[in-house]
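Each remark here refers to the structure printed beneath this line.
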Amino acid sequence: MRVRFAPSPTGELHLGGLRTALFDYLWAKHTGGTFILRIEDTDQKRYDAKSLESLMRGLRWLGLEWDEGPDVGGPHAPYIQTERAAIYQQHAEMLLEKGAAYRCYCTAERLDEMREEQRRTNQTTGYDRRCRHLSPTERAEREAAGLSSVVRLAVPTEGKTTFTDLIRGDITVDNRQLQDEVLLKSDGLPTYHLAAMVDDHLMEISHVLRGEEWLSTAPIHKLVAEAFGWELPVLVHLPVILDPSGKGKMSKRKKVVEGKEYLALVHEFISAGYLPDAMFNFLTNVGWNYDPAVEIFEREEAIERFDISQINPKAAALPYDKLDWLNGQYIRQLTPTALKEQLVPILSKQLKIAPAKLLADNRLDILVPQIQERLKRLDEAVEWIDWAFKDADEIVYDDPSLLLGRKLDAAQSIAVLEDGAAVLRTIEPFLPDEIQAAFRERADALDVKAGGYFGPFRAAISGKKVSPPLFESMQALGRDEVLRRVQRGVEELAKMG
RNA sequence: GCCCCCAUCGUCUAGUGGUUAGGACACGGGCCUUUCAAGCCCGCGACAGGGGUUCGAAUCCCCUUGGGGGUACCA
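Each residue of the first sequence is one higher than the last, beginning at 899 in the numbering used here.
Set out below in structure tokens:
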């Protein structure tokens, strides 16, 4: 089977596009077929030069390597439509000769006025086919005058057109609902209706998976294919992905719903520290389902089971909470070393420490295993461990009351810190188990709950209410640094008096 | 306005005439526990409504309602 992903380079790729590409990829790999990347850049006005690179980066991030495409080549090159302009022009000419299409000389202004009038009088909007009925003389006059023109499809004015969508079945529309769509624009470049049909045919595409927004123009595509005498590929219209609010098609803008910010663009998910495996798993289960009893699966397993005929036609909102949960699952599957390596580039930017230096930092080796089960995204790591990379005097106690042990007042909390400091000064070796045993003993001796005894230390060390486990945190800092921070905690508490 | 598509817990979904309508996330509770997590256990929670067809409908048909998409010399 031959399957293509055919995006327009008009901006950043969002998750809806990535999901389409993923399903293309899954179907190609499932059938042992070919996954093709084709760039539909025929809209010069919306073209964005940067988006092609970003698009390819996004696809490769997810692991969707294409077998044929702009950079890798292939038997049907070129794979960028503007480089194929002559092909479309020739095909438009073929339809013109057959009488299946005609030249239209109407100006944009006339078209606008016509539509406005139609809307005002509550008529269905659409081209009035004025140029379809031009006499040969009139046509010759316009050509002689050098008027610019477009090529329009001559849609049958009666009858019905039926096409098949694999997941929805046969769909029939009345031809009177259809318009004489523009196939070739006045700049000589084709519209989607021409370019995609020509390329799908020439590139021998067997299955077209595309967004549901194409469903209403599918009859046009059927008519274009018929005009050429071609068979349409199998059409599969994937349900649109809805905004997190469940209202409307997902936009490329970050969406804030109930105070929470939702990402939409692939590059945003990459920099937030979502793992490609988690995203692959996540997207596979929106619109399709691997197995209702299995949430986590391997790519190979998904490829083996994937079936386009089981795609759900219902538009869906992305379950973002589930993505976070899945990402956490995949983070926990990583070895600590692998996690550390993934974390370093992100932490390096956030902490402003050179990657090589971070990689060699002992503190990271101790702390990473401690935060592994606490992370949902990699970009959260910094909040867990930033305190470890500061100097004692950089720790800010925004809320000094955090230094109070549970059920203890300031004086008692100071007593606890000083009591523990004495232990910390002498204990050997300075390791988590040893420190913990000693602290528990001291808590008993002072008749304080372990949690109440530990609390002031946690706050003194990190400046935070929530932190990684206390004794590993101490190990990471080292004895001297811990003692400095404990002293600072005592001073802060003394101010509370 | 017109055309097309869709409709199971809050969300993602399983279900293709006979199920106590299943799972996951989220949420609530409990256990564990040095904070927070993770993990384990329990719970809450859905067939949009109305007509048919049938011995029997979440499943088939129709209508209503709701949602979505399209209505460009954009894709």
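Built from N, CA and C at the ideal position, the CB exists for glycine as well. Predicted, not measured: the structure shown is a model, and the values here were computed from it.
Beta-carbon proximity list for residue i, same chain, < 7 Å, skipping 5 on both sides
i     : result
K1083 : V1048 and T1089
E1292 : none
C1412 : Residue 1412 lies beyond the range of the chain shown here (899 to 1395); nothing can be said about it.
Y986  : L1082, P1088, L1092, A1093 and V1096
M1177 : L960 and F1167
I1325 : E1332, I1333 and A1336
G915  : P905
Y1218 : P1142 and Y1160
DSSP state of residue i mapped onto helix, strand, coil
i     : result
P1253 : helix
L913  : helix
H1165 : helix
F903  : strand
I1333 : helix
I1139 : strand
A1176 : helix
V1384 : helix
E1129 : coil
E1196 : coil
A1214 : strand
V1184 : coil
K1158 : strand
K1152 : coil
K1147 : strand
Cβ-based burial, residue i [other Cβ within 10 Å; buried from 16]
i     : result
I1264 : buried
P1142 : buried
S1311 : buried
G1303 : buried
S1033 : exposed
D1078 : buried
Q1270 : buried
Y1283 : Looking at the sequence itself, residue 1283 is Ile, so the reference to Tyr does not match. Result: buried.
S1149 : exposed
R1386 : buried
G1157 : exposed
L957  : buried
N1260 : exposed
N1179 : buried
L1315 : buried
V1388 : buried
I1103 : buried
P973  : exposed
V1154 : exposed
A1254 : exposed
Beta-carbon contacts of residue i that lie in its chain and below 6 Å, excluding the five residues immediately before and after
i     : result
Y1295 : G1361 and E1390
R1356 : S1365 and L1368
G1226 : K1274
L1181 : R917 and L920
A1213 : P1137, V1138 and L1140
F1328 : R1377
L911  : L953, G956 and V1164
K1363 : L1300
Cut-off 8 Å between Cβ atoms - residues of its own chain near residue i, not counting five sequence neighbours on either side
i     : result
D1063 : I1069, L1113, A1116, L1133, V1134 and H1135
T932  : M899, R900, V901, A926, D965 and E966
L994  : Y1000, R1001 and V1049
M992  : F1126
M1372 : L1322, F1328, P1330, I1333, F1355, I1359 and V1380
L1121 : L1051, V1053, P1054, T1059 and L1076
L1224 : A1176, N1179, F1180, E1193 and I1194
Please determine if the stretch 929 to 942 and the stretch 1092 to 1101 are in contact, where contact requires at least 3 C-beta pairs separated by less than 8 Å.
In short, these stretches touch, since the Cβ pair count reaches three.
Would the stretch 943 to 950 count as touching the stretch 926 to 935 if we require 3 or more Cβ pairs under 8 Å?
Short answer: they don't touch.
My parser needs the beta strand (DSSP E) runs of 3 or more residues fully inside the stretch 1050 to 1116; what are they?
Whole beta strand (DSSP E) segments, 3+ residues: 1058 to 1063, 1067 to 1072, 1080 to 1082 and 1105 to 1109.
Enumerated in chain order, which unbroken segments of the alpha helix (DSSP H) with a length of 4 residues or greater are wholly contained in the stretch 1230 to 1304?
Whole alpha helix (DSSP H) segments, 4+ residues: 1234 to 1249, 1253 to 1257, 1260 to 1269 and 1279 to 1283.
Which runs of the beta strand (DSSP E) spanning at least 3 residues fall entirely within the stretch 928 to 998, listed in chain order?
For the stretch 928 to 998, whole beta strand (DSSP E) runs of length 3 or above, ordered along the chain, are 932 to 935.
Considering only residues of the stretch 992 to 1041, which uninterrupted beta strand (DSSP E) runs meet the minimum length of 3 residues and lie entirely inside it, listed in chain order?
Runs found: 999 to 1002.
Could you say if the stretch 1346 to 1353 and the stretch 1228 to 1246 meet the contact criterion of at least three C-beta pairs nearer than 8 Å?
Under the three-pair Cβ rule at 8 Å, the stretch 1346 to 1353 does not count as touching the stretch 1228 to 1246.
Three-pair Cβ contact test at 8 Å for the stretch 911 to 926 versus the stretch 1183 to 1195:
With a cut-off of 8 Å, the stretch 1183 to 1195 and the stretch 911 to 926 count as touching, because enough Cβ pairs lie within range.
Only counting runs of 4 or more residues, tell me where the alpha helix (DSSP H) segments fall wholly within the stretch 1304 to 1381, in order along the chain.
Fully enclosed alpha helix (DSSP H) runs of 4 or longer: 1308 to 1324, 1330 to 1344, 1348 to 1360 and 1368 to 1375.
Validate contact between the stretch 967 to 974 and the stretch 985 to 1004 using beta carbons, cut 8 Å, 3 pairs:
Result no; under three Cβ-Cβ pairs closer than 8 Å.
Under 8 Å, with one C-beta from each stretch per pair, do the stretch 1016 to 1030 and the stretch 1095 to 1103 reach the 3-pair mark?
No: the two stretches stay apart, fewer than three of their Cβ pairs being nearer than 8 Å.
Is the stretch 1169 to 1179 touching the stretch 1269 to 1283, taking contact as three or more C-beta pairs under 8 Å?
Counting Cβ pairs under 8 Å, three or more are found: they touch.
With contact counted as at least three CB pairs below 8 Å, one residue from each stretch, are the stretch 1240 to 1253 and the stretch 1314 to 1321 in contact?
No, because fewer than three Cβ pairs between the stretch 1240 to 1253 and the stretch 1314 to 1321 fall closer than 8 Å, the two stretches do not touch.
Three or more C-beta pairs closer than 8 Å, one from the stretch 901 to 912 and one from the stretch 950 to 960: is that the case here?
Output reads yes: the stretch 950 to 960 touches the stretch 901 to 912.
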